[in-house]
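K.L.:
The following block contains the structure, expressed as structure tokens.
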Amino acid sequence: MSTAAAGRETEVVTIRPYRASDREGVRRVCADTGFLGSPIDPVFEDRELFADYLTSYYTDKEPESAWVCEAGGQIVGYLTGCRKPRAKARYHLVHNVRFFLRVLARYPSYRASSRRYLRWLLWHGRRESPRSLPDTPHFHFNILAPWRSVPRTRELVDSFLDYLVRQGERAVYGQVVVFDRRRGERMFERYGFRVVDRVPVTKYAGWFSGSVYLCTVVKDLQANPRLYGSCPPSRE
């Protein structure tokens, strides 16, 4: 039975700093949540390459900025953060070349859906990405569906925000997928984040019929260093 199938929302989950032994668990959760919170397999079959592209910098080069959710001895969620955006950019200058060469070697064996995903990445990926904030820390997080809950998400994100405040950081941003533009903005406001950019994303067009947006959201840690306790959302 998969870990996703075995989990329960009410099961005891420990949220703790990342350890090197968690690497494979983080990669598995990344692949198991890569398609709008579900497994990436229908969209892109190469789970190893997918997880490597999205997590390797964080786990291999800046592990001190990562946290995991652990239940029953298994990793069921994670948060990966970055306080060194310039170091990450330098890492990807080399890593992306290796990624391209690996894709080139495997491309002939991929099925049609995987080839389509890679073509989107090549021709539309940059165009359909909202702007990032240079020299500002950022983070990503994913939790397997059976273990997702508001209190758990709050504890995971607050652990990272507390860490940033201790390190003297003043702001943080993330890039988050939303399905309803206005509802998404109200939700971010509730948690003290402000939407600074958004773009429609088409890479799931063949698998998901609704509108999908990728938003860049930023939080002023000096004004509000926690996920809750922010100003109420606007009513417009």
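FYI, the numbering for the sequence shown is 16 to 251, going by this note's numbering. We put the CB at the ideal spot given by N, CA and C, even for glycine. All of these numbers come straight from a predicted model, not from anything done at the bench.
(1) Anyone know if the C-beta pair for Ala-66 and Ala-46 falls short of 8 Å?
(2) Could you tell me if Pro-215 is buried or exposed, where buried requires 16 or more neighbouring beta carbons within 10 angstroms of its beta carbon?
(3) Should Val-192 go down as buried or exposed, given a rule of 16 or more other Cβ atoms within 10 Å for buried?
(4) Could you tell me the alpha carbon to alpha carbon distance between Glu-204 and Tyr-93, rounded to whole angstroms?
(5) Check each candidate in Ala-186, Cys-230, Ser-226, Ser-224 and name the one with the smallest Cα separation from Leu-242.
(6) So, for Pro-57: in the same chain, excluding its five sequence neighbours on each side, which residues have a beta-carbon less than 7 Å away from its beta-carbon?
(7) Is it true that the stretch 171 to 191 meets the stretch 138 to 156, where meeting means three or more beta-carbon pairs spaced less than 8 Å apart?
(8) Who are the Cβ neighbours of Leu-133 in its own chain at under 8 Å, not counting the five residues just before and after it?
(9) How long is the line joining the alpha carbons of Glu-26 and Leu-136, rounded to whole angstroms?
(10) Can you give me the C-alpha to C-alpha distance between Ala-19 and Arg-167, rounded to a whole angstrom?
(11) Per DSSP, which residues does Phe-208 bridge with? Please list them.
(12) Please state whether the Cβ-Cβ distance between Leu-176 and Pro-240 is less than 8 Å.
(13) Enumerate in chain order the residues of its own chain whose CB-to-CB distance from Arg-98 is below 8 Å, with the five nearest sequence positions on each side excluded.
(14) If we call anything under 8 Å between Cβ atoms a contact, is Tyr-228 one with Gly-207?
(15) Can you tell me which of Trp-162, Val-211, Thr-217 puts its alpha carbon nearest to the alpha carbon of Gly-52?
(16) Under 8 Å Cβ to Cβ from Pro-106, same chain only, skipping five residues before and after it: list those, please.
(17) Is it the case that the Cβ atoms of Pro-145 and Asp-235 are separated by a distance below 8 Å?
(18) Since I believe Val-28 is in contact with Ile-90 (beta carbons under 8 Å), could you give me their beta-carbon distance rounded to a whole number of angstroms?
P.N.:
Considering the structure as presented:
(1) Locating residue 66 in the sequence shown gives position 51, counting from the first residue. Locating residue 46 in the sequence shown gives position 31, counting from the first residue. It is a contact, given that the beta carbons lie within the stated cut-off.
(2) Against the sequence shown, residue 215 aligns to sequence position 200. It is exposed - the Cβ of Pro-215 has fewer than 16 other Cβ atoms within 10 Å.
(3) Against the sequence shown, residue 192 aligns to sequence position 177. Per the 10 Å Cβ criterion, exposed.
(4) Counting from 1 along the sequence shown, the entry for residue 204 is found at position 189. Counting from 1 along the sequence shown, the entry for residue 93 is found at position 78. Cα to Cα, the separation comes out at about 23 Å.
(5) Here residue 242 refers to the residue found at position 227 of the sequence shown. It is Ala-186 whose Cα lies nearest to the Cα of Leu-242.
(6) For the purposes of this step, residue 57 is taken as the residue at position 42 of the sequence shown. Around Pro-57: Phe-50, Ser-128, Trp-222.
(7) yes
(8) Along the sequence shown, read from residue 1 onward, the residue named residue 133 stands at position 118. So the list reads Phe-59, Val-118, Tyr-122, Tyr-125, once near-sequence residues are dropped.
(9) Taking the first residue of the sequence shown as position 1, residue 26 is located at position 11. Taking the first residue of the sequence shown as position 1, residue 136 is located at position 121. Answer to the nearest angstrom: the Cα atoms are 37 Å apart.
(10) To locate residue 19, count along the sequence shown from 1; it is residue 4. To locate residue 167, count along the sequence shown from 1; it is residue 152. Model confidence at Ala-19 stands at a pLDDT of 40, short of 50, so the residue's coordinates are unreliable and nothing is read from them.
(11) Translated into the one-based positions of the sequence shown, residue 208 becomes position 193. Residue pairing by DSSP places Phe-208 opposite Lys-234 in a beta bridge.
(12) If you number the sequence shown from 1, residue 176 lands on position 161. If you number the sequence shown from 1, residue 240 lands on position 225. Yes, the Cβ-Cβ distance between Leu-176 and Pro-240 is below 8 Å.
(13) For the purposes of this step, residue 98 is taken as residue 83 along the sequence shown, with counting starting at 1. For Arg-98, where only same-chain residues beyond five positions count, the Cβ hits under 8 Å are Glu-77, Ser-80, Pro-152, Leu-179, Gln-182, Glu-184.
(14) Position 213 of the sequence shown, counting from 1, holds the residue named residue 228. Position 192 of the sequence shown, counting from 1, holds the residue named residue 207. Against a cut-off of 8 Å, the Cβ pair of Gly-207 and Tyr-228 comes out as no contact.
(15) If you number the sequence shown from 1, residue 52 lands on position 37. The residue with the shortest Cα to Cα distance from Gly-52 is Trp-162.
(16) Your numbering for residue 106 matches position 91 in the sequence shown. At residue 106 the sequence reads Tyr, which differs from the Pro that was named. Around Tyr-106: Tyr-72, Lys-76.
(17) Here residue 145 corresponds to residue number 130 of the sequence shown, with the count starting at 1. Here residue 235 corresponds to residue number 220 of the sequence shown, with the count starting at 1. No, they are not a contact pair.
(18) If you number the sequence shown from 1, residue 90 lands on position 75. If you number the sequence shown from 1, residue 28 lands on position 13. Contact doesn't hold; Cβ gap of about 10 Å is too wide.
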